[in-house]
Every structure is written in structure tokens, then in C-alpha cells.
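**Q**
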Amino acid sequence: MDTTQPTEQQRSADRRRRELLEAADRVVLRDGPQASMNAIAAEAGITKPILYRHFGDKGGLYAALAQRHTDALLDSLRAALDAPAERRRRVESTLDTYLAAIESRPQVYRFLMHPADTGQSGEPGFDIGKHSAPLLRRMGEELAQVIEDRIDLGPDGARLARVWGHGIVGMMHAAGDWWLGERPCSRAELVTSLADLLWGRLAAVADRKS
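Okay, so the sequence shown: first residue is 8 according to this note's numbering, each after it adds one.
#1: Residue 158 bridges to which residues according to DSSP?
#2: Under a three-way DSSP split, which group does residue 169 fall into?
#3: On the criterion of 16 or more Cβ atoms from any shown chain inside 10 Å, does residue 155 qualify as buried, or is it exposed?
#4: Assuming contact is defined by CB atoms lying nearer than 7 angstroms, are residue 109 and residue 187 in contact in what I supplied?
#5: How is residue 93 classed by DSSP in three states: helix, strand or coil?
#6: Does residue 218 come out as helix, strand or coil in the three-state DSSP assignment?
#7: Looking at residue 20 and residue 72, is the spacing between their C-beta atoms short of 7 angstroms?
#8: Have a look at residue 39 and residue 48 and give me their C-alpha separation to the nearest angstrom.
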């Protein structure tokens with residue numbers, strides 16, 4: 008008997024988990040950082056203890072939502088990096104993809120990066136550093152791998168790719184956070200300015216041969 012195949016019970020549990028995450032997404036889109044477990048349970052048509060059974064606590068739900076959105080964002084960033092275009096255009100497209108994602112769903116971004124101290128029901132909030140730092144760290148490592156796979160950085164390429172990956176993610180996050188809050192310029196202007204900042208060394212290195 009093949010035990011590697013998911014059982015019907017596991018498939019049902021996975022399907023239910025996706026449904027609960029979709030309900031959580033709807034609440035986060037409406038309430039942003041103030042989204043509460045009570046509101047999410049009500050949206051899903053269940054009681055809060057059932058929600059806890061699936062995710063443990065609000066931190067567990069946050070982690071599941073963070074993975075869901077980070078997976079989607081990373082897929083989009085990889086597609087932008089791999090698009091059949093001149094490299095400068097791919098750099099700009101990658102920056103724009105990130106900024107477009109946070110601009111199109113600002114409440115989701117604020118929920119992930121700026122959790123409230125307490126929810127509407129007085130529930131404990133998130134420790135921002137505890138939850139957002141691993142998310143940014145994962146994005147940095149993923150981008151580093153993409154850079155190493157696609158650009159020839161020489162004999163010390165793996166280390167340099169990690170420096171670049173984390174540095175670019177840090178820059179995108181800090182600049183995007185400031186821009187989303189103040190809107191001092193258009194998205195296109197910000198993309199061009201950030202690409203100008205990155206372009207020096209990127210213009211000098213070659214793509215890896217496939």
C-alpha cells in the first residue's frame with residue numbers, strides 16, 4: 008500500500024485549511040492589522056476554538072497567511088526576473104512587481120508588516136519583529152538563490168548573491184514601506200530611482216549560461 012499518497016481525511020483537512028485561510032484573507036482585506044480571531048471565525052462560519060484547532064493561535068494563523076502571500080509574491084518576482092527582456096527592464100519589472108503587490112493589497116501588507124498591538128476584541132497582537140523578520144529573511148534567501156542561479160558573480164558568487172538578495176529585499180521593503188505611507192512620488196518614479204541605485208554592478212556582470 009502506497010503511504011505517500013494523501014488520505015481522503017488529509018485532503019479534506021487541507022481543503023478546509025485553505026477555506027479558512029481564504030476567510031482570513033477576506034477579513035484582513037477589510038480590517039488590516041486589526042483583524043481578530045473572532046472576526047475570522049465568524050467569517051468562516053465556525054467558532055474560535057475550531058479556528059485554534061487548525062492554527063494553534065493568532066501567531067499560527069499569521070504564519071500561514073504570511074507563507075501564502077510570500078509564496079505568491081516570490082512566484083511573481085521570479086517570473087519578472089525570468090521574463091524575455093533586456094536586463095535593466097527585468098530589474099525594473101521585478102521592483103515594480105513588489106511595489107504593485109503592496110499597493111494593490113495595502114491592508115494585507117500592513118497586517119503582515121505592521122501588526123496591531125491589540126485586535127478589535129482586545130486579543131493580544133503580534134510581536135512585529137518575531138513575525139515580520141523571518142518573512143523578510145525568507146524573501147532574502149529566496150532572492151539570493153534566484154540571483155546565484157541566473158547571474159555569474161564569479162568564484163565567490165554564492166556569498167555575494169546572499170549579500171545582494173538580503174540587501175535588495177531590505178531596500179525594497181524600506182523604500183516600499185515609506186512610499187506606501189507617504190506617496191511622495193509615482194510608483195514608476197520610485198521604480199526608476201531604485202533601479203538606478205542597483206544598476207552599477209548589475210550592468211557589469213554576465214548572465215549564467217543555461
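Every residue, glycine too, gets a C-beta built ideally from N, C-alpha and C.
Since the structure is predicted, the reported quantities are computational estimates derived from the model, not experimental observations.
**A** A quick look at the data gives this:
#1: Reading the sequence shown from its first residue, position 151 is the one you call residue 158. Paired residue(s): 214.
#2: Stepping through the sequence shown from its first residue, residue 169 is reached at position 162. In this structure, residue 169 counts as helix in the three-state DSSP scheme.
#3: Taking the first residue of the sequence shown as position 1, residue 155 is located at position 148. Label assigned to residue 155: buried.
#4: Within the sequence shown, the letter at position 102 stands for residue 109. Within the sequence shown, the letter at position 180 stands for residue 187. Going by C-beta atoms, residue 109 is nearer than 7 angstroms to residue 187.
#5: Taking the sequence shown and counting its residues from 1, the one referred to as residue 93 is at position 86. In this structure, residue 93 counts as coil in the three-state DSSP scheme.
#6: Since the first residue of the chain shown is 8 and the last is 217, residue 218 is not available in this structure.
#7: For this step, residue 72 is matched to residue 65 along the sequence shown. For this step, residue 20 is matched to residue 13 along the sequence shown. Not closer than 7 angstroms, so no.
#8: Taking the first residue of the sequence shown as position 1, residue 39 is located at position 32. Taking the first residue of the sequence shown as position 1, residue 48 is located at position 41. About 16 angstroms.
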